[in-house]
């Protein structure tokens, strides 16, 4: 990680922009709307907001403080505090990011394919048919591979080339691109939202998003999905915030930075959700069906609803399509290169022989290897694989990694020391309530919702998929990560020196 530390952020706002951008493409713009759609609309939003204020903002403060204070690679830091268990928890999260990069980069490739077709709008007559048939070339069954999709493969190649040239110079190169790749999407999402507000039927979509069905408030799965989504939307637990905070100036206001990042990420989530659900209300009116039956829920929701929204703009559909899918792609790239930075930093810290090679070579090799891994999701059944693995990561592996991580931060760092650091550089004083949230509330809540969700996970195969398929694309990867993490944690490595101030 030391090799990445030759620069600090030019200002606090670059850290905030980079942190928001790292979550916006994955957690907020792509995943949040379809999680809302799958979990009953407003009741999920309510659970998400509770998780945001009770857990995410306090934990975000601790992560910023952790990176800014210790300035150390995450696996080494947890190992220093909790030995083998800490290193295992750290490696589990790093390997989760490795799996995540494999299936998320194809999502960026989908956006690039739409960008290529923006001036023709070939999806205008049938948004679902174009996406599933022309882009994904989706097969009828998870068991049928059906060959590779050329549009997705070309998109993957361009995505990884873009990642390489965006990060090979470290933080210095990232600051040059985030000004545009984070700001522009917010403007375009705002335009789509304004347009959606004036569409016939949009009010029904907004009602679905704003008026809860309180009968579902006791659903364990709603709270579990809301919790995992809240963590993902803010990148809490995913090391990225800790990594980026390592490059803050030591006197950076921690409380303010954490609050702006958490609320900024939530704002992107809600902006995207309102734009999508306003459009879904319009589509429901046109089709004469309830909003819950307009399109299939799942990872592809944004790639059906947003293209539809663009085709019904009163003017400039083609030019707005071009700029919108350009920003979809660039936001996705923000997420990918943040995740890639974490992986590269961990490898260079944990395997000293890698430091014999230049940063450019290490990143280049990683991009090639991740491209090969992403090909698993570029075939005709790639969407099914993506769906199963995404569920496995966020329904199981994430909880296995993040709960021990929070316990270590709360009890062994400990949180009281981090709170003192937060108060030393912040304009407000954070009280002992932070200790209680990190030590007790967050880990106990996450453990409770996870355990409560297990009976349904065991009795109802996810998505109606065949058990053999789920074992291959959900169970095997997460069990493999756990075993590999425990093995990697046993390695003896040289102590990692703090990053220079």
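Residue numbers (this note's numbering): 163 to 663.
All C-beta atoms, glycine included, are put in the ideal place defined by N, C-alpha and C.
For clarity, every value in this text was computed on a predicted model and none was experimentally measured.
Length of the line joining the Cα atoms of residue 346 and residue 179: 12 Å
Next on the checklist: Across the stretch 558-570 and the stretch 196-204, are there enough close Cβ pairs to call them in contact, namely three or more that are closer than 8 Å?
Outcome noted: no
Q | Option in 362, 589, 476, 262 with minimal Cα separation from residue 639 | A | 262
### Query
Hey, residue 365 and residue 226: beta-carbon distance below 8 Å or not?
no
Flag this pair as yes or no: are the beta carbons of residue 431 and residue 560 separated by less than 8 Å?
no
Option nearest residue 573 by Cα separation, candidates 611, 213, 244, 229: 244
- Query: If you compare alpha carbons, which of 240, 632, 521 is closest to residue 553?
  - Reply: 632
Among residues of its own chain, excluding the 5 on either side of residue 655, which ones have a beta-carbon nearer than 6 Å to its beta-carbon?
512
* If you drop the 5 nearest sequence neighbours on each side, which residues of the same chain put their C-beta closer than 8 Å to that of residue 172? -> 337
Please state whether the Cβ-Cβ distance between residue 490 and residue 283 is less than 8 Å. no
- request: Give the DSSP-derived three-state secondary structure of residue 447 in the structure shown.
  value: helix
6 Å Cβ shell around residue 310 - same chain, five flanking residues per side excluded:
540, 541
**Asked** Which ranges does the alpha helix (DSSP H) cover as unbroken runs of at least 4 residues, wholly within the stretch 315-396, from first to last along the chain?
**Response** 333-359, 364-372, 382-396
Mind checking residue 530: buried by the 16 CB within 10 Å criterion, or exposed?
exposed
Quick check: what's the CA-CA separation for residue 393 versus residue 523? 32 Å
Secondary structure at residue 460, three-state DSSP: helix, strand or coil? coil
*asked:* Can you look up residue 541 in the DSSP assignment and give me helix, strand or coil?
replied: strand
Report task. Report the residue ranges of all alpha helix (DSSP H) runs contained in full by the stretch 220-298; include only those spanning at least 4 residues, in chain order. Result -> 236-278
- Message: Quick check on the burial criterion: 16 or more other C-beta atoms within 10 angstroms. Buried or exposed for residue 375?
- Response: exposed
- Between the C-alpha atoms of residue 416 and residue 223, what's the straight-line distance to the nearest angstrom? 6 Å
If we count Cβ pairs, one from each stretch, closer than 8 Å, do we get three or more for the stretch 314-323 versus the stretch 270-285?
yes
Exercise for review: Along the alpha helix (DSSP H) that carries residue 479, what are the first and last residues, could you check?
Suggested key: 479-512
Apart from the five residues on each side of it in sequence, which residues of its chain come closer than 6 Å, Cβ to Cβ, to residue 500?
184, 402
Pick out whichever of 186, 247, 234, 214 has its Cα sitting closest to the Cα of residue 121. Nothing about residue 121 can be reported from this structure: the residues present for the chain run from 163 to 663 only.
**Study point:** Whole-angstrom C-beta distance between residue 440 and residue 359, which should lie under 8 Å
**Key:** 6 Å
Next on the checklist: Using 8 Å for Cβ pairs, my map puts residue 456 next to residue 446. What's the rounded Cβ distance?
Outcome noted: 5 Å
Within 10 Å of its beta-carbon, does residue 234 have 16 or more other beta-carbons around it, so buried, or fewer, so exposed?
buried
### Task
Return the chain-ordered list of same chain residues with a C-beta closer than 6 Å to the C-beta of residue 255, the five sequence neighbours on each side being excluded.
401, 563
Query raised in the report: Expressed to the nearest angstrom, what Euclidean distance is found between the alpha-carbon atoms of residue 354 and residue 532?
Result: 33 Å
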